[in-house]
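**Student:** I am attaching a structure below and will ask some questions about it afterwards.
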Amino acid sequence: MPWPQNTPPQRDGDAAAGIDVTDGFERFSQRNDIFTRAFWDERVKSKHTAKFFASYRMKAAPRRGDGFSQRDFALRNAAWLISDVVSSRRAHEGVREGFQAAIRADTPVAKEALEIDDPTRMSAEVKRIARFFGADLCGITDLDERWLYTARVDARDMSEAPHDLPEGLTSVIVLGHEMDKDLVATYPSALAGAATGREYSHEASIVMQLAAYIRNLGYEAVPSMNDTGLVIPYAVKAGLGEYARNQMVITPEFGPRLRFSKIFTSLPLAHDAPQPQGVKAFCDICTKCADACPVKALPYGPPSTSTANVSAIKGVRKWTSDAEKCFSFWARMASDCAICMRVCPFNRDFSKWRNRLWLKLALGPLRKLALRLAGKHGQRRKPSEWWNEA
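Reading the sequence shown from the start, the letters are residues 1 to 390 in UniProt numbering.
If you want it as structure tokens, here you go:
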């Protein structure tokens, strides 16, 4: 339903984060995300979508073609294993943890809460512990209810159900998990899907461990992956990166090559500020992701508030993909696609000085030169080459 008229949807700080919310804003129902729609919406659901989901459960259909052999699917599905264990443990209740419902906390909240005198120092500690458990990035922002889904999804019949979030949550800890650069270079392939699956398994472990640490301190902490709320606006508000034409967050450390997870918590924490550096200005002149998309699901032109797509949030001016076109390609291929990530000029190893120099050009007045220098950056690597390195 529309945002309450007595509460303006815009917030102080939106501009710094590059978030442009209009008066037509409506919170998003996760029942309408493209993956959930594939189970109930006849406009999306097909024999191809059924085979797509089945392929992750030992029902893959290997076929001829580099990157789609039995061992490619075997590695991809093995990479997803820990995530799958977590997401399926309450399936009988209709609760798909980490995807259509928050992850159940396995640790009770300590009866006595550690006294926190300095939220800034506590934030630094949380970031250190996040790195200890394996997160590559960590930022903290306020719990902005605009980005919470209106409800969770009961996976038994795809109906809406309450989140049942605990009271007193005030902050969102956003974690970034780097995807393997060499595997990303092989998109589109089942092999490349192992890069996605590995990070989902990593993040499941990391958010559960970090949440357990916080709960042992005596504060609420709800571990979350794709569930409960939209992670991209939280990541941008937490200063981890900027939103791009390819629908991803561009970070100065890894470009778009990472996954995000989050923890909702009542732990007193200082919040990070957005860090706009010029990604939007670069995306304004770059269309490499849109050009490379095989089904033309990515937009050209400036950001807009178009709401023709059921799987897009309403009332936010941004670049929005055609989710139906995108997922139809995934389904036919029986694996995820991230060509847009692979070809993105920001998809680089920024530990190398020449890539840091390129980044400085891309984020400044010489962005057109940086775009020309990108040339054929992001060309696909043959999956067989990855295997031959072993």
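Quick reminder that beta carbons are idealized off the backbone N, C-alpha and C, glycines included. Quick caveat, the model's predicted, so the values are computed rather than measured.
Using beta-carbon positions only, say whether Ser201 and Ser335 come within less than 8 Å of one another.
**Tutor:** no
**Student:** Just list the beta strand (DSSP E) runs in the segment 310 to 390, keeping only unbroken ones of 3 residues or longer that don't cross its boundaries, in chain order.
**Tutor:** Counting only runs of 3 or more, we get 314 to 316.
**Student:** Compare the Cα-Cα distances from Val126 to each of Ala331, Ala308, Tyr219, Ile285 and report the closest residue.
**Tutor:** Selected option, being the one with the closest Cα: Tyr219.
**Student:** List the endpoints of the continuous beta strand (DSSP E) containing Ser224.
**Tutor:** 221 to 224
**Student:** Report the rounded CA-to-CA distance for Ala270 versus Ser171, giving the unit in angstroms.
**Tutor:** Rounded to whole angstroms, Ala270 to Ser171 spans 9 Å at the Cα level.
**Student:** Ser29 lies in the alpha helix (DSSP H); which residues open and close that run?
**Tutor:** No alpha helix (DSSP H) holds Ser29; DSSP gives it neither H nor E.
**Student:** Should Met58 go down as buried or exposed, given a rule of 16 or more other Cβ atoms within 10 Å for buried?
**Tutor:** An exposed status is given to Met58, since fewer than 16 other beta-carbon atoms sit within 10 Å of its beta-carbon.
**Student:** With distances taken between CB atoms, is the gap from Trp386 to Asp142 smaller than 8 Å?
**Tutor:** no
**Student:** Within 10 Å of its beta-carbon, does Asn388 have 16 or more other beta-carbons around it, so buried, or fewer, so exposed?
**Tutor:** Under the 10 Å beta carbon count, Asn388 is surrounded by fewer than 16 other beta carbons and is classified as exposed.
**Student:** According to DSSP, simplified to helix, strand and coil, what is Tyr56?
**Tutor:** coil
**Student:** Write down the C-beta distance between Arg76 and Leu191 rounded to the nearest angstrom, noting that I regard them as a contact closer than 8 Å.
**Tutor:** 7 Å
**Student:** Exposed or buried, which one is Pro162 when buried takes at least 16 other CB atoms within 10 Å?
**Tutor:** Under this definition Pro162 is an exposed residue.
**Student:** By how many angstroms is the C-alpha of Ala308 removed from the C-alpha of Asp84?
**Tutor:** 33 Å
**Student:** Go through the segment 108 to 186 residue by residue and report every complete run of the beta strand (DSSP E) that reaches 3 residues or more, in order.
**Tutor:** Qualifying beta strand (DSSP E) stretches, in chain order: 137 to 142, 152 to 154, 159 to 161, 171 to 178.
**Student:** When you compare each of Ala105, Phe329, Val207, Ile140 to Pro119 by their alpha carbons, which one comes out closest?
**Tutor:** Ile140
**Student:** Hey, residue 398 and Leu267: beta-carbon distance below 8 Å or not?
**Tutor:** This structure does not reach residue 398, given that the chain is present from 1 up to 390, and the question cannot be answered.
**Student:** Mapping the DSSP letters down to three states, classify Phe73 as helix, strand or coil.
**Tutor:** helix
**Student:** Spatial neighbours of Arg104 within its chain, please: C-beta separation below 7 Å, excluding the five flanking residues on both sides.
**Tutor:** Arg90, Glu97
**Student:** Helix, strand or coil for Val295, going by three-state DSSP, please let me know.
**Tutor:** coil
**Student:** Can you tell which of Pro233, Pro345, Pro108, Ala362 has the C-alpha that lies nearest to the C-alpha of Pro166?
**Tutor:** Pro108
**Student:** By DSSP, does Leu230 sit in helix, in strand, or in coil?
**Tutor:** coil
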